[in-house]
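Undergrad: Before I ask anything, here is the structure I am working with.
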Amino acid sequence: MLKIIDNLPEYVFGLRATGDVSGDEIKNVLVPGLESLSAKFGEIYYILVLETKVENFSAGAWIRDMITSIKHFTKWKKIAIVTNQTAVKKFADAFNYVSPGHAKGFSPNDLEEALIWVSLKL
Numbered sequence: 073m074l075k076i077i078d079n080l081p082e083y084v085f086g087l088r089a090t091g092d093v094s095g096d097e098i099k100n101v102l103v104p105g106l107e108s109l110s111a112k113f114g115e116i117y118y119i120l121v122l123e124t125k126v127e128n129f130s131a132g133a134w135i136r137d138m139i140t141s142i143k144h145f146t147k148w149k150k151i152a153i154v155t156n157q158t159a160v161k162k163f164a165d166a167f168n169y170v171s172p173g174h175a176k177g178f179s180p181n182d183l184e185e186a187l188i189w190v191s192l193k194l
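The numbering of the sequence shown is the numbering used here, which starts it at 73 and goes up by one.
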């Protein structure tokens, strides 16, 4: 399930992922949030608090997420991923080498640091 994180700066979009995540949730929650940021600010600051295993994302969720990421590729400014999954944090850190924006993985204990980091404009 995807839930929007409230009380973020207006130029930051945040989601908390728990349990199973479907393609419809990506379509109905993630995509509109990113589209709104892109239209309003021309850039994307995004935080994902991943409280579920990546295996719990359906194939449809992965496909929609990938399409959305590619569509807005040049608008990504910062992506913070908060998770206890080491491989996901490493992937976020590696994203810096292929993305025009900045990405960083954080541990759940560092959630406040992640929120501050993603909120600092470049």
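No residue lacks a Cβ here, since even glycine has one placed at the ideal position from N, Cα and C.
(1) Could you spell out the range, first to last residue, of the beta strand (DSSP E) harbouring residue 86?
(2) What are the start and end residues of the alpha helix (DSSP H) that includes residue 105?
(3) Tell me which residue opens and which closes the alpha helix (DSSP H) that residue 163 is part of.
(4) Tell me the residue span of the beta strand (DSSP E) that contains residue 154.
(5) State the DSSP-derived secondary structure class of residue 120, mapped to helix, strand or coil.
(6) Taking the alpha-carbon positions, what's the residue 81 to residue 191 distance?
(7) Buried or exposed: where does residue 188 fall if 16 or more other Cβ atoms within 10 Å of its Cβ makes it buried?
(8) Per DSSP, what kind of secondary structure is residue 99 in: helix, strand or coil?
TA: According to the structure data:
(1) For the purposes of this step, residue 86 is taken as the residue at position 14 of the sequence shown. 84-89 is the extent of the beta strand (DSSP E) around residue 86.
(2) Position 33 of the sequence shown, counting from 1, holds the residue named residue 105. Where residue 105 is concerned, the enclosing alpha helix (DSSP H) stretches over 103-113.
(3) Within the sequence shown, residue 163 is the residue found at index 91, counting from 1. Here the alpha helix (DSSP H) through residue 163 covers 158-166.
(4) For the purposes of this step, residue 154 is taken as residue 82 along the sequence shown, with counting starting at 1. Looking at the DSSP string, the run of the beta strand (DSSP E) that includes residue 154 is 148-154.
(5) Translated into the one-based positions of the sequence shown, residue 120 becomes position 48. In this structure, residue 120 counts as strand in the three-state DSSP scheme.
(6) Mapped onto the sequence shown, residue 81 falls at position 9. Mapped onto the sequence shown, residue 191 falls at position 119. Answer to the nearest angstrom: the Cα atoms are 7 Å apart.
(7) Mapped onto the sequence shown, residue 188 falls at position 116. With fewer than 16 other Cβ atoms within 10 Å, it is exposed.
(8) One-based indexing of the sequence shown puts residue 99 at position 27. Helix, per DSSP.
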